[in-house]
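Asks:
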Amino acid sequence: MKISLCIPQYNRIAFLLKSLERIRLQTFRNIEIVISDDCSTDDTEKQIKALIPSYPFKVIYSRNTTNIGYDANLRRSMELATGDYCFILGNDDSLNTPDSLQMLVEFLKMNNYPEVGFCNMVEESSPDNVYGRAAASGIIGEGYEVALHHYSCFSFVAGLVYKKDAFDRFNTNKHDGSIFVQMYLAVVMISSGMRLFSIKEPIVLKDILAGKSEHRNSYKDKLPRKWKDFYIIHGGLPSVINVILSAFRDAGIPDKKVLFKIFKRIYLFTVPNWVLDYKSNKAFPAAIGIVVGMFPYRVNHFTSLNIFKQVFLLMEYSATSFVSIVIPSTLFLKFKNRLYNLAKQY
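Using the numbering used here, you'd call the opening residue of the sequence shown number 89 and step up by one each time.
Here you go:
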C-alpha cells in the first residue's frame, strides 16, 4: 500500500519545510509527497526543488500556471497522487509521531480498506489537547444518515483520508470556490455506500510552529471587535448547505429526506457554536453579525421547506441564538468538547 500525502500549497514556505522535516521521520516508508503550488509569491518553488534530490521520499511538485483557488488546488494535489490513499495536510500541519502513517496503514488493512475517513489532531503549542473529531477508532458506517451526522468532521482539511479510486470517481470542479470541496467528496462518497471510518489517535500535528517571523493567517484576525466595524457574517454556512445538498443529490438522495435535517443541525449546533466561539475571542459584534447573517430567510433553500418546518426552524434559530448570546463564554469553553461530541451523536 502506498500513501500519498497531498498538500495544497500557497506561500508560508517555512511551515511547509518544517512539516517536511517531520515527515521524513516516518517509519512507514511507502510514501509520496504531492505538493500542488498555487502560484506562491515566496520562494516555495526554489526551496522545494532544492530539497527534492536529498529527500528520502518521492516528492511530486507541481506549480499551477495561474492561481486556481483553494478547492481546485486541493483537488489538483489529489489528482497528481499515485498512491492507494490520499492523506490531506495543510501546509502548516504535519504528522504527529514517527509511527503516524504506520498506525493508519495497519488500521486500513485490519478494516478491509474503507474508502473515506478522518483522524484526530493535536496542536504543537498544546500537545496534550486533542482535537477530538473522532470519538473512537473503527468503521462508522455508510449511507446518507451517516453522512448527515458526520459531514462537519470534514470542515478542517488536515487528517482527511480518501481512497484514490473513490476520489477519482467523484472528482468534480463544480464546487471550486466554495472552500468545502472536501466536504462534498466525503458526503457524496458516504451517501453512495462507501464506508466512513475514524481514527481516535492524533495522527496530525496541527498548526506547527515555525518561528516568530512567520504569521499564520486566521479567521480570528478579521473578526469585528468594535461596533463601528460591525458587518453581517455568515461564516460560510450557506456554502456548506449548498455543497452538502449537492452531494446528497448527486448520490440520488432527494431533498425532502435531508434538507430539513441539515437546517436543524446548523441552527441547533453550528450557529450557536460560532456565536460562542466569537464571544470567547472577544468579538461580540461578530457574534451578533452571524446571528443576523444566518436569519433563516436570508439562507438559500430555506423557503423550499413547508411552512410548518419553517416555523419550527425559526423557533429553533431564535432559541439557540438567544441562549448562545447570553451564556458566558467561560462556560462554553469548559464544555466545548462535550457539546462537540453530542453534536456528532445527534
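Every residue gets a Cβ at the ideal spot worked out from N, C-alpha and C, and that includes glycine.
Let me confirm a value: Arg221 is counted as buried when at least 16 other C-beta atoms fall within 10 Å, else exposed. Which label applies?
Replies: Arg221 is buried by the Cβ-count criterion.
Asks: Could you check if Ala254 is buried or exposed, using at least 16 other CB atoms within 10 Å of its CB as the buried criterion?
Replies: Ala254 is buried by the Cβ-count criterion.
Asks: Just to confirm, are Met89 and Val193 a CB contact at a threshold of 7 Å?
Replies: It is a contact, given that the beta carbons lie within the stated cut-off.
Asks: Could you tell me whether the stretch 334-343 touches the stretch 228-235, where touching means 3 or more Cβ pairs closer than 8 Å?
Replies: The answer is yes - the stretch 228-235 touches the stretch 334-343, with three or more Cβ pairs under 8 Å.
Asks: For the beta strand (DSSP E) containing Pro96, list its first residue and its last residue.
Replies: Element bounds for Pro96: Ile91 to Gln97.
Asks: What's the call for Pro215, buried or exposed, on a 16-neighbour Cβ count within 10 Å?
Replies: Flag for Pro215 reads exposed.
Asks: Residue ranges of each alpha helix (DSSP H) run of no fewer than 4 residues wholly in the stretch 319-347, ordered along the chain?
Replies: Listed in chain order, they are 325-338.
Asks: Could you work out which residue in Phe318, Asn330, Ser280 and Ile228 is closest to Glu269 when comparing CA atoms only?
Replies: For the sequence presented, residue 269 should be read as Val rather than Glu. Ranking the options by Cα distance to Val269, first place goes to Asn330.
Asks: For a quick check, are the C-beta atoms of Phe145 and Ile121 less than 7 Å apart?
Replies: Result yes, Cβ atoms of Phe145 and Ile121 sit closer than 7 Å.
Asks: Using a threshold of 7 Å, state whether the C-beta atoms of Cys174 and Lys106 are closer than that.
Replies: Taking 7 Å as the Cβ cut-off, Cys174 and Lys106 do not qualify as a contacting pair.
Asks: Throw me the rounded Cβ distance for the Ala335 and Val292 pair, which I believe falls under 8 Å.
Replies: The pair is not a contact, with the Cβ atoms about 24 Å apart (cut-off 8 Å).
Asks: Could you tell me the boundaries of the beta strand (DSSP E) in which Tyr149 lies?
Replies: It spans Lys146 to Arg151 - the beta strand (DSSP E) in which Tyr149 sits, taken as one unbroken run.
Asks: For Asn99 versus Asp126, is the C-beta distance shorter than 7 Å?
Replies: No, these two residues do not count as a Cβ contact at 7 Å.
Asks: Going along the chain, which residues of its own chain have a beta-carbon closer than 8 Å to the beta-carbon of Ile350, five neighbours each way excluded?
Replies: Around Ile350: Leu236, Ile329, Ile332 and Leu333.
Asks: Does the Cβ-Cβ distance between Met277 and Phe242 come in under 7 Å?
Replies: Their beta carbons are not under 7 Å apart, which means Met277 does not touch Phe242 by this criterion.
Asks: Rounding to the nearest angstrom, what Cα-Cα distance links Ala298 and Ile123 in this structure?
Replies: So the alpha carbons of these two residues sit roughly 19 Å apart.
Asks: Mind reading off the beta-carbon distance from Pro326 to Asn261? Whole number of angstroms is fine, and I expect it under 8 Å.
Replies: Contact flag wrong, Cβ pair sits at about 20 Å.
Asks: Straight-line CA distance for Pro360 to Val249?
Replies: Roughly 28 Å separates the two Cα atoms.
Asks: Please determine, among Val204, Gln114, Leu139 and Ser225, the residue with the shortest C-alpha to C-alpha distance to Ser182.
Replies: The residue with the shortest Cα to Cα distance from Ser182 is Gln114.
Asks: Taking the C-alpha atoms as reference points, what is the distance between Trp315 and Tyr219?
Replies: If I take the Cα positions, the gap works out to 32 Å.
Asks: Please determine, among Tyr366, Ile267 and Arg313, the residue with the shortest C-alpha to C-alpha distance to Asn161.
Replies: The option with the nearest alpha carbon to Asn161 is Ile267.
Asks: By a C-beta neighbour count over all protein chains shown, 10 Å radius and 16 as the cutoff for buried, is Tyr239 buried or exposed?
Replies: Buried is the call here.
Asks: Taking the continuous beta strand (DSSP E) assigned at Asp216, which residues delimit it?
Replies: From DSSP, the beta strand (DSSP E) with Asp216 extends over Ser214 to Tyr219.
Asks: Near Glu211, which residues of its chain fall below 6 Å by C-beta distance, leaving aside the five closest residues on each side in sequence?
Replies: Cβ neighbours of Glu211 beyond the five flanking positions: Lys294 and Asp295.
Asks: Under the DSSP definition of a beta bridge, which residues are partnered with Met209?
Replies: Bridge partners of Met209: Tyr219 and Val292.
Asks: Once the 5 residues before and after Ile320 are set aside, which same chain residues still bring their CB inside 7 Å of it?
Replies: Once the five neighbours on either side are set aside, the close Cβ partners of Ile320 are Gly377, Val380 and Gly381.
Asks: In its own chain, which residues sit with a C-beta less than 6 Å from the C-beta of Ser409, not counting the 5 before and 5 after it?
Replies: So the list reads Val379, once near-sequence residues are dropped.
Asks: Can you tell me which of Phe357, Cys94, Pro202 and Val275 puts its alpha carbon nearest to the alpha carbon of Ala407?
Replies: Ala407 has its Cα closest to that of Phe357, out of Phe357, Cys94, Pro202 and Val275.
Asks: Select from Ala374, Gly323, Ser368 and Phe372 the residue whose C-alpha is nearest the C-alpha of Ile354.
Replies: Considering only alpha carbons, the answer is Gly323.
Asks: For Asn199, tell me which candidate among Ser279, Ser92, Phe285 and Arg313 has the shortest Cα-Cα distance.
Replies: The shortest Cα separation from Asn199 among Ser279, Ser92, Phe285 and Arg313 belongs to Phe285.
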